[in-house]
Every structure is written in C-alpha cells, then in structure tokens.
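Student: The structure's right below; bear with me while I get my questions together.
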Amino acid sequence: MSAKMIKRTTVVFEHEISLEQFPQLLNYSEAQLTELLNGAVVSMFALKEREAEINEHGSHSFIRVKEVI
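If you read the sequence shown in this note's numbering, its first letter stands for residue 1412, the second for the next number, and so on.
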C-alpha cells in the first residue's frame, strides 16, 4: 500500500473582455459565459503543450506563445 495525498485546488483566471467589441456576451447566461471562458483557458494550455511538443522534437520549426490576449 502506497501513501498518497490528493488535494484539489482552484485556479482563478481573470478575464477582461470589451463589451463594445463583444456585446453579445451580455446575452449569455452565467453557465454559457463560464463554459466559454473555461474553453478559452483549456485551449490556451493545449496550445502551450503543442508548442512544447513541436520545439522538443528538433523539427527545425520553432514556435513560442508569448501572450494570449
């Protein structure tokens, strides 16, 4: 039997979105808005993983995600 600890943490991301640029967001329900923003965060992490994968294999290609806006 191995000893282990499982701890769940909450990571909070702050999202600032221009309502002038995206006025339709005012019509989203709380659940829809949460789903949209969670999807954006998951996509950002997937992109960072893909960046590492491409750069790791020495394919003479190099990408770097500097900032996600």
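All residues carry an ideal CB built from backbone N, CA and C; glycine is no exception.
Take Val1422 as the anchor and find which of Leu1448, Glu1431, Ala1442 has the nearest alpha-carbon.
Tutor: Nearest option by C-alpha distance: Leu1448.
Student: Which residues bound the alpha helix (DSSP H) around Glu1446?
Tutor: 1441-1467 is the span of the alpha helix (DSSP H), which, as asked, contains Glu1446.
Student: Please go through the same chain and pick out, in chain order, the residues whose beta-carbon is closer than 6 Å to the beta-carbon of Arg1461, but skip the five residues on each side of it.
Tutor: Excluding residues within five positions, none has a Cβ falling inside 6 Å.
Student: Can the beta-carbon of Val1452 be found closer than 8 Å to that of Phe1424?
Tutor: Their beta carbons are under 8 Å apart, which means Val1452 touches Phe1424 by this criterion.
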